[in-house]
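Taking the working numbering, the leading residue of the sequence shown gets 574, the next gets one more, and so forth.
By construction, the Cβ of each residue, glycine as well, lies at the ideal position given by its N, Cα and C atoms.
Quick caveat: nothing in here was measured; it's all calculated off a predicted structure.
Worksheet for the structure shown next.
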Amino acid sequence: MALPAGWYPVAGDPSGTHRYWDGETFTTGPKFDVNARRRSGFAKPNSATKWRMASPLARVMAAIIDLGAPVVVVFGIANGMGTPIPEFTIEGLTAEPRLLTAVAAFLIVNQVVLVGLFGLSLGRILFGMRVVNMRNRDKPPGLARALLRAVLRLPTLPVTVLFFLLGRRQGLHDLAAGTAVVYV
Numbered sequence: 574m575a576l577p578a579g580w581y582p583v584a585g586d587p588s589g590t591h592r593y594w595d596g597e598t599f600t601t602g603p604k605f606d607v608n609a610r611r612r613s614g615f616a617k618p619n620s621a622t623k624w625r626m627a628s629p630l631a632r633v634m635a636a637i638i639d640l641g642a643p644v645v646v647v648f649g650i651a652n653g654m655g656t657p658i659p660e661f662t663i664e665g666l667t668a669e670p671r672l673l674t675a676v677a678a679f680l681i682v683n684q685v686v687l688v689g690l691f692g693l694s695l696g697r698i699l700f701g702m703r704v705v706n707m708r709n710r711d712k713p714p715g716l717a718r719a720l721l722r723a724v725l726r727l728p729t730l731p732v733t734v735l736f737f738l739l740g741r742r743q744g745l746h747d748l749a750a751g752t753a754v755v756y757v
């Protein structure tokens with residue numbers, strides 16, 4: 574018995590897409606089924622209620638952990654191994670480049686690799702959040718978007734604070750990278 578003509582999901586196509594079966598072959602490309610996307614709970618990227626976008630306070634607390642954990646871990650390990658801990662001044666920190674390199678490596682793994690591949694970081698895990706690709710909230714952002722977010726985070730901080738004060742739950746770094754921070 575032949576499959577009747579109609580729209581069907583095809584294995585290997587993106588989630589929520591269908592192809593038209595004319596009775597003999599499928600159409601050339603997958604099309605998004607708007608009704609299927611609504612049924613699955615898909616919402617517009619800036620719809621904080623349906624996406625359960627993370628609150629600014631939770632994001633700030635997670636950022637403090639994400640930025641503080643590398644320093645605490647690296648300096649704690651160094652202290653345990655007998656390495657003298659430098660003073661927290663520019664001269665003191667630049668005198669120990671191995672410690673700065675280790676902190677930078679930890680930050681890159683935490684903010685680029687973990688966020689890019691899994692949408693998670695230490696702070697986000699503790700607060701039940703993850704970073705998602707705005708086009709498909711079921712996927713992590715990827716390494717390129719995570720790197721863009723990390724590079725733009727500090728220079729865009731004043732604008733991001735203004736965005737949060739105005740009630741928007743995305744920072745400039747999120748908008749540029751096409752990402753959102755949501756509750757799991």
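Bridge-paired residues (DSSP) for residue i
| i | result |
| --- | --- |
| N709 | N706 |
Neighbour flag for residue i against chain C, beta carbons, 8 Å
| i | result |
| --- | --- |
| G589 | As a matter of chain content, chain C is missing from the structure shown, which is built from one protein chain. |
Helix, strand or coil at residue i according to DSSP, with G and I counted as helix
| i | result |
| --- | --- |
| R592 | strand |
| A584 | coil |
| A636 | helix |
| G649 | helix |
| G751 | coil |
| G579 | strand |
Own chain, CB closer than 6 Å to residue i, minus 5 neighbours either side, in chain order
| i | result |
| --- | --- |
| H746 | R722, L725, R726 and T729 |
| W580 | H591 and Y593 |
Close Cβ partners of residue i (< 7 Å) along its chain, the five nearest in sequence each way excluded
| i | result |
| --- | --- |
| A636 | G696 |
Contact set for residue i: own chain, Cβ-Cβ below 8 Å, skip 5 residues either direction
| i | result |
| --- | --- |
| A575 | G596 |
| G732 | In the sequence under discussion, the amino acid at residue 732 is Val, which differs from the Gly named in the question. The residues are G744 and L745. |
Length at least 4, wholly inside the region 651 to 711: the alpha helix (DSSP H) runs in chain order:
Segments of the alpha helix (DSSP H) lying fully in the region 651 to 711: 663 to 667, 670 to 681, 687 to 691 and 695 to 699.
Contact the region 636 to 650 vs the region 706 to 722: 3+ CB pairs below 8 Å:
With a cut-off of 8 Å, the region 706 to 722 and the region 636 to 650 do not count as touching, because too few Cβ pairs lie within range.
With contact counted as at least three CB pairs below 8 Å, one residue from each stretch, are the region 684 to 699 and the region 709 to 716 in contact?
Result yes; three or more Cβ-Cβ pairs closer than 8 Å.
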